[in-house]
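A.B. asks: After the structure tokens below, expect a handful of questions from me.
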Ligand SMILES: [Zn+2]
Ligand SMILES: [Zn+2]
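In this note's numbering, the protein residues as written are 4 to 332.
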């Protein structure tokens, strides 16, 4: 496909879409209903419905009976860890293999022209971004993910009580992405405070040019804060499947912002939008887009970068003012 139809590549070879990012349309008053209707499919696809289905599949096929989960035991916990390892390896591995190993669409729609594997850098373990990212994903990411999962499922199984009203389940399911974004924004601002940034979050930001394996490459404390979004379901009128959906939204849903490509080609003439640009700009510029446009906290607090020159200028002015303040302090 021809990426110059919807974007431009600058002299450094960096590609950017021509259209600017937008916050979810219902925050603009009065809402433009045509825009709202056009936005709805993007809410459900390409990620939300498949991730919700993955939670149902886990409940149906991967988890033991509720009575088994009511007692903590090595057997089912270990099995769940293995299932998670395999699922993460297949899901992240597929996109990494197709886009970064096979390079099926070369660098069409790729924001940064460089492929991380083509460069070594001393900031990464053994000098390789992919190697460190893969090790962090499996050593810490999937283990913390599984630990929180076990804790929540065990809690549900012990009481045996959860929401069964389909209307309430439907409403909570609809809000799972909103809960995720609000939770992520708050913990993300927290780990951008100087001390936590230096010791915790800077590890995730080593991948200035992210690839799918960067998604869960974090310090274990960040993993704990990140996957803690599942804990909200212990206080909400929720169910184990909804809690799993929340967890999978964090676990599998971390990939969009780290895809590195604005469109994923499917065949010769079709491509889908993985919603990668907002978080890509966060990796590029650090102090913008702590969340995404679904929960418009960035817009509210002045850190929203929609990709425009105007937003870039605002960001530069903000950073300059901050540096000046620091110099006089
Ligand atoms: Zn990231
Ligand atoms: Zn960050």
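We put the beta carbon where it would ideally sit given N, CA and C, even for glycine. Predicted model only: the values in this text are computed from it and were never measured.
1) In angstroms, rounded to a whole number, what distance separates the CA positions of residue 141 and residue 85?
2) For residue 275, which of helix, strand or coil comes out of DSSP?
3) Between the C-alpha atoms of residue 308 and residue 286, what's the straight-line distance to the nearest angstrom?
4) Can you tell me the Cα-Cα spacing of residue 194 and residue 111, whole angstroms?
5) Pair every Cβ in the segment 99 to 115 with every Cβ in the segment 258 to 265, then say whether three or more of these pairs are closer than 8 Å.
6) Return the first residue and the last residue of the alpha helix (DSSP H) that residue 11 is part of.
7) Consult DSSP for residue 185 and reduce its assignment to one of helix, strand or coil.
8) Do the segment 42 to 59 and the segment 247 to 260 touch if we need at least three Cβ pairs shorter than 8 Å?
9) Which residues have their C-beta within less than 6 Å of a heavy atom of ligand 2, listed in chain order?
10) Note down, one range per segment and in chain order, each alpha helix (DSSP H) of at least 4 residues found wholly within the segment 212 to 237.
11) Is the separation between the beta-carbon of residue 166 and that of residue 297 shorter than 7 Å?
12) Whose C-beta lies closer than 7 Å to the C-beta of residue 362 among residues of the same chain, with five residues either side of it excluded?
13) Mapping the DSSP letters down to three states, classify residue 20 as helix, strand or coil.
14) Flag this pair as yes or no: are the beta carbons of residue 188 and residue 293 separated by less than 7 Å?
15) Inspect the CB distances between the segment 63 to 79 and the segment 227 to 236 and report whether three or more fall short of 8 Å.
16) Residues in the same chain with beta-carbon distance under 6 Å from residue 108, minus the five sequence neighbours each way, listed in chain order, please.
17) According to the neighbour-count rule (16 or more other Cβ atoms, all chains shown, within 10 Å of its Cβ), is residue 45 buried or exposed?
18) Pairs of beta-carbons, one from the segment 17 to 32 and one from the segment 212 to 230, closer than 8 Å: are there three or more?
19) What residue ranges within the segment 247 to 324 form continuous beta strand (DSSP E) runs of no fewer than 3 residues, ordered along the chain?
20) Where residue 203 and residue 221 are concerned, what is the direct C-alpha to C-alpha distance, given to the nearest angstrom?
C.D. replies: Let me lay it out:
1) 11 Å
2) strand
3) 12 Å
4) 33 Å
5) yes
6) Where residue 11 is concerned, there is no enclosing alpha helix (DSSP H), although the beta strand (DSSP E) it sits in stretches over 10 to 12.
7) helix
8) Yes, the segment 42 to 59 touches the segment 247 to 260.
9) 191, 195, 204, 208 and 285
10) 223 to 230
11) no
12) Residue 362 is absent from the structure shown; the chain starts at 4 and stops at 332.
13) strand
14) yes
15) no
16) 268, listed in sequence order.
17) exposed
18) no
19) 267 to 269 and 273 to 275
20) 8 Å
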